[in-house]
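Per the numbering used here, residue 6 is the first one in the sequence shown, and the count goes up by one each step.
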Amino acid sequence: MKLVTMGNALLYLGIATFMVVLLAAAEVAFRIGRRHEPRTPEPVRSQVVTIQAAMLGLLALLLAFTLSMAERRFSARRALIVDEANAIGTTYLRAEFLPEPARSESREMLRRYVDQRVAFYGAQSDEVQTLETTSAAQLLQAALWARATDTARANPESETTKLYVASLNEMIDLEGKRFAALFATLPSTIVVLLVVVAVVAMASTGYSSGLTGRRGALALRVVPALVGLACAVVLDLDHPRLGLIRAPDVAMERVQNSVAKDASVEIDADPVM
Numbered sequence: 006m007k008l009v010t011m012g013n014a015l016l017y018l019g020i021a022t023f024m025v026v027l028l029a030a031a032e033v034a035f036r037i038g039r040r041h042e043p044r045t046p047e048p049v050r051s052q053v054v055t056i057q058a059a060m061l062g063l064l065a066l067l068l069a070f071t072l073s074m075a076e077r078r079f080s081a082r083r084a085l086i087v088d089e090a091n092a093i094g095t096t097y098l099r100a101e102f103l104p105e106p107a108r109s110e111s112r113e114m115l116r117r118y119v120d121q122r123v124a125f126y127g128a129q130s131d132e133v134q135t136l137e138t139t140s141a142a143q144l145l146q147a148a149l150w151a152r153a154t155d156t157a158r159a160n161p162e163s164e165t166t167k168l169y170v171a172s173l174n175e176m177i178d179l180e181g182k183r184f185a186a187l188f189a190t191l192p193s194t195i196v197v198l199l200v201v202v203a204v205v206a207m208a209s210t211g212y213s214s215g216l217t218g219r220r221g222a223l224a225l226r227v228v229p230a231l232v233g234l235a236c237a238v239v240l241d242l243d244h245p246r247l248g249l250i251r252a253p254d255v256a257m258e259r260v261q262n263s264v265a266k267d268a269s270v271e272i273d274a275d276p277v278m
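Structural data, given as structure tokens:
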């Protein structure tokens, strides 16, 4: 698996920049707070602490909300991969009951189709390869559907053909759902709000620490770093083609291996027949 692509590099750079901004916001606010300490009355200090608590509470709420949304989308993408792999496998098995030459032609097209779906996953952030594999898969879908239509018209009473058409229809639908899931990310407004609240919360923490006159590593270093790490996990989960957290494609690869073995068995059996 390629871990370093242009898209990944930009994502990592953005996350690193964001963490630096959080640390800088806490440090700058701390210095401002320390400068204001001698002339800041106690009532104002209490207000600052209240504001700090409110901002940290709002940040915690936003982090929980966005992490939950990103995790649900990640789980949905992972489930779609398994569902699509199962649909392809079922379609391939049911193609066995089609009359010749539809049987051989359909199974061969399904083998090429699963190769394109595995390549689609491997494209990651490569827009060109993503579109190429999607286009190739859609051409195979059209060919498979045309062949299934001809077979169904020639055998309108065949229950096995009806089952094959139903599984083929589900397979095509799942490809569309999986493609759409790539772009089902968090709204940019929510991401911007999370970033702004995180920066303001770290600044309020730094300013409050400055008013006490004590530099604490927990408030100025550890908390901003942990907040940045939590936001990084949210962004990683939310970008299916980028980052380190990716839905596994094991189910699709198993189907690919299965149909490839079946093809080799058919080739070996041809001389005997």
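Beta carbons: idealized from backbone N, C-alpha and C, even for Gly.
{"Query": "Which residues mark the beginning and the end of the alpha helix (DSSP H) in which I120 is found?", "Result": "According to the sequence as given, residue 120 is Asp; it is not Ile. Counting along the chain, the alpha helix (DSSP H) containing D120 begins and ends at 107 to 127."}
{"Query": "Would you kindly work out how many angstroms separate the C-alpha atoms of L225 and I195, rounded to a whole number?", "Result": "25 Å"}
{"Query": "Determine the burial state of A208: buried for a count of at least 16 other Cβ atoms within 10 Å of its Cβ, exposed for fewer.", "Result": "buried"}
{"Query": "Tell me, please, whether the stretch 37 to 53 touches the stretch 203 to 220 by the rule of three or more beta-carbon pairs shorter than 8 Å.", "Result": "yes"}
{"Query": "Please report the distance separating the alpha-carbon of V283 from that of A230.", "Result": "As shown, the chain starts at 6 and ends at 278. That puts residue 283 outside it, with no answer to give."}
{"Query": "Helix, strand or coil for L8 per DSSP?", "Result": "With a pLDDT of 46 at L8, under the threshold of 50, the predicted position of this residue should be treated as unreliable, and no value is reported."}
{"Query": "Using a Cβ-Cβ cut-off of 7 Å (strictly less than) and excluding sequence neighbours within five positions of A268, which residues of its own chain qualify?", "Result": "R116"}
{"Query": "L236: which of N91, L68, A81, V54 sits nearest, CA to CA?", "Result": "Residue identity differs from the one stated: residue 236 is Cys in this sequence, not Leu. The residue with the shortest Cα to Cα distance from C236 is L68."}
{"Query": "Can you tell me the Cα-Cα spacing of V260 and L149, whole angstroms?", "Result": "18 Å"}
{"Query": "Let me confirm a value: P253 is counted as buried when at least 16 other C-beta atoms fall within 10 Å, else exposed. Which label applies?", "Result": "exposed"}
{"Query": "Closer than 8 Å is the cut-off here; do at least three beta carbon pairs connect the stretch 135 to 152 with the stretch 44 to 54?", "Result": "no"}
{"Query": "May I have the straight-line CA-CA distance separating V205 from M60, to the nearest angstrom?", "Result": "7 Å"}
{"Query": "To the nearest angstrom, report how far apart N262 and A90 are at their CA atoms.", "Result": "12 Å"}
{"Query": "Using the Cα positions of V123 and I93, report the straight-line distance between them to the nearest angstrom.", "Result": "12 Å"}
{"Query": "Quick one: Cα of R246 to Cα of S172, how far?", "Result": "28 Å"}
{"Query": "Go ahead and pull the three-state DSSP assignment for I195.", "Result": "helix"}
{"Query": "One question on the structure: do L99 and L168 come within less than 8 Å of each other, judged by their Cβ atoms?", "Result": "Looking at the sequence provided, one finds Arg at residue 99 rather than Leu. Yes, the pair counts as a contact, with Cβ atoms nearer than the cut-off."}
{"Query": "Going by Cα to Cα distance, which pick from E76, A147, E258 is closest to S111?", "Result": "A147"}
{"Query": "With 16 as the cutoff for other CB atoms within 10 Å, does L27 come out buried or exposed?", "Result": "buried"}
{"Query": "Alpha helix (DSSP H) containing P253: first to last residue?", "Result": "Looking at the DSSP string, P253 is not in any alpha helix (DSSP H), and its letter there is neither H nor E."}
{"Query": "Using the Cβ count rule (16 or more neighbours within 10 Å means buried), how would you classify L199?", "Result": "buried"}
{"Query": "With distances taken Cα to Cα, identify the nearest neighbour of P106 among V238, T156, L64, T210.", "Result": "T156"}
{"Query": "Grouping DSSP H, G and I as helix and E and B as strand, with all else coil, what is M278?", "Result": "Per-residue confidence for M278 stands at a pLDDT of 39, beneath the threshold of 50, marking its modelled position as unreliable; the derived number appears in the next sentence. M278: coil per DSSP, three-state reduction."}
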